[in-house]
Amino acid sequence: MIFPAPLTMLLPSSFAPSSTALMLTLVVIAMASSSIHASDEGTSAAGRIVEFTVANLDPSNENDNDASNKFRIQLHPEWAPIGVERFEELTDANFWDDMRIFRIVPNFVSQFGISSYPKVQTEWETKGPIVDDPVVSTNSRGTVSFATAGENTRTTQIFINTGNGNARLDGMGFAPIGEVLVPASSSGGYGGMDVVDRFYAGYRELPDQGSIKAMGLEYLDAEYPMLSYFVGAGFVDNDANTDAAAAGNENPPTTTQTTATKEQDTAAVEQKQQDTTFEPKNKQQLPSDSYGSSDANSYGVDSTLIVMAATMFIWVS
Numbered sequence: 012m013i014f015p016a017p018l019t020m021l022l023p024s025s026f027a028p029s030s031t032a033l034m035l036t037l038v039v040i041a042m043a044s045s046s047i048h049a050s051d052e053g054t055s056a057a058g059r060i061v062e063f064t065v066a067n068l069d070p071s072n073e074n075d076n077d078a079s080n081k082f083r084i085q086l087h088p089e090w091a092p093i094g095v096e097r098f099e100e101l102t103d104a105n106f107w108d109d110m111r112i113f114r115i116v117p118n119f120v121s122q123f124g125i126s127s128y129p130k131v132q133t134e135w136e137t138k139g140p141i142v143d144d145p146v147v148s149t150n151s152r153g154t155v156s157f158a159t160a161g162e163n164t165r166t167t168q169i170f171i172n173t174g175n176g177n178a179r180l181d182g183m184g185f186a187p188i189g190e191v192l193v194p195a196s197s198s199g200g201y202g203g204m205d206v207v208d209r210f211y212a213g214y215r216e217l218p219d220q221g222s223i224k225a226m227g228l229e230y231l232d233a234e235y236p237m238l239s240y241f242v243g244a245g246f247v248d249n250d251a252n253t254d255a256a257a258a259g260n261e262n263p264p265t266t267t268q269t270t271a272t273k274e275q276d277t278a279a280v281e282q283k284q285q286d287t288t289f290e291p292k293n294k295q296q297l298p299s300d301s302y303g304s305s306d307a308n309s310y311g312v313d314s315t316l317i318v319m320a321a322t323m324f325i326w327v328s
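Right, here's the structure in full:
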């Protein structure tokens with residue numbers, strides 16, 4: 012029987028453990044190895060990157076980055092694997108297309124996540140909510156979290172933390188799933204929080220969530236035409252046009268171009284808006300107080316198992 016090198020170094024040369032000691036120790040070592048492997052998988056490198064293109068940015072708020080009207084979100088499955096999975100599903104389904112950033116509370120949050128097409132929103136709400144992730148990162152400026160209506164109610168609504176004092180949301184169960192990337196340079200083809208800070212904030216919290224769900228663009232365009240919105244969003248690592256754009260072969264769309272595209276798609280919008288009568292669910296409001304801390308990491312569990320393995324040798328023998 013061969014012992015792992017770290018344990019062999021701790022034993023005297025004359026030590027002859029019993030078969031019972033060997034068996035028990037091997038079981039504990041296997042448990043420790045399995046736990047460490049699972050921990051490594053859960054805390055691997057950051058996840059995928061999603062790039063958003065925004066139209067109707069606030070012209071009165073100058074953009075410090077001249078790159079474009081784009082920003083990117085770096086997903087972190089090691090923070091919130093369940094939330095990240097849902098965000099990826101929404102991205103794969105082009106859920107963010109034509110979506111309005113309907114709620115802006117300056118120096119607090121920018122909220123979105125209700126489809127401009129009622130039928131699409133109904134389909135996602137029919138899927139039901141996802142269970143909560145534990146909060147392992149803090150709601151600092153630039154982080155991205157799901158809005159909720161209580162425990163285990165996350166569906167499609169997202170907010171970007173734009174304030175520096177949002178750590179109080181941690182204790183309310185708002186688990187960040189990613190963060191807005193800081194561009195390496197102004198020539199990188201996308202901006203960062205400077206783009207998010209230009210979301211049109213003139214309407215503050217006036218747009219009604221129930222009306223958005225029930226009427227979609229018909230309501231939004233008539234009542235709140237200045238709202239910033241996403242022309243589209245996609246994974247950078249799966250985008251076939253990324254290399255061409257980086258090489259200068261494709262110009263990033265401008266606000267003027269994307270507004271024109273929106274007008275051209277009017278017919279398609281009307282075709283998609285087939286269901287406007289469903290009963291909207293409760294509004295997803297962000298709480299305004301309380302504070303909490305993150306969960307402990309898993310290294311303590313692994314260390315305990317290793318100590319148990321070493322102790323088992325001596326006690327059983």
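For the working numbering, add 11 to where a residue sits in the sequence shown, where the first one is 1.
Note that CB positions come from ideal geometry on N, CA and C, so glycine has one too.
Within 10 angstroms of its Cβ, does residue i collect 16 or more other Cβ (buried), or is it exposed?
i	result
residue 110	buried
residue 217	exposed
residue 330	Absent from the model: residue 330. The displayed extent of the chain is 12 to 328, so no value can be given.
residue 27	Because the pLDDT at residue 27 is just 47, under 50, the model does not fix this residue reliably, and the value given afterwards should be weighed accordingly. Exposed.
residue 144	buried
residue 205	buried
residue 194	buried
residue 2	No answer is possible for residue 2: the residues shown for the chain start at 12 and end at 328.
residue 121	buried
residue 104	exposed
residue 156	buried
Run through DSSP, which three-state label would residue i get?
i	result
residue 179	helix
residue 244	strand
residue 57	coil
residue 119	coil
residue 215	coil
residue 81	strand
residue 65	strand
residue 200	coil
residue 329	Outside the shown range of the chain, which is 12 to 328, sits residue 329, and nothing can be said about it.
residue 227	coil
residue 189	strand
residue 171	strand
residue 184	coil
residue 239	coil
residue 233	helix
residue 222	helix
residue 74	With a pLDDT of 49 at residue 74, under the threshold of 50, the predicted position of this residue should be treated as unreliable, and no value is reported.
What is the rounded straight-line gap between the Cα of residue i and the Cα of residue j?
i	j	result
residue 65	residue 162	31 Å
residue 98	residue 62	13 Å
residue 170	residue 123	6 Å
residue 188	residue 229	31 Å
residue 184	residue 127	27 Å
residue 71	residue 190	25 Å
residue 57	residue 86	7 Å
residue 240	residue 142	28 Å
residue 83	residue 181	23 Å
residue 132	residue 214	22 Å
residue 247	residue 201	11 Å
residue 244	residue 220	22 Å
residue 149	residue 186	8 Å
residue 208	residue 137	33 Å
residue 176	residue 158	17 Å
residue 147	residue 89	9 Å
residue 192	residue 102	17 Å
residue 129	residue 91	28 Å
residue 94	residue 232	30 Å
residue 225	residue 168	16 Å
residue 140	residue 222	20 Å
residue 210	residue 100	24 Å
residue 237	residue 118	20 Å
residue 151	residue 234	32 Å
residue 166	residue 242	21 Å
residue 125	residue 134	12 Å
residue 108	residue 153	21 Å
residue 116	residue 160	18 Å
Opposite residue i in the DSSP bridges: which residues?
i	result
residue 209	None, per the DSSP bridge assignment.
residue 163	Paired residues: none, contrary to the question.
For a minimum of 3 consecutive residues, which ranges assigned as the beta strand (DSSP E) are wholly contained in the region 92 to 161?
DSSP runs (the beta strand (DSSP E)) wholly in the region 92 to 161: 114 to 116, 120 to 123, 154 to 157.
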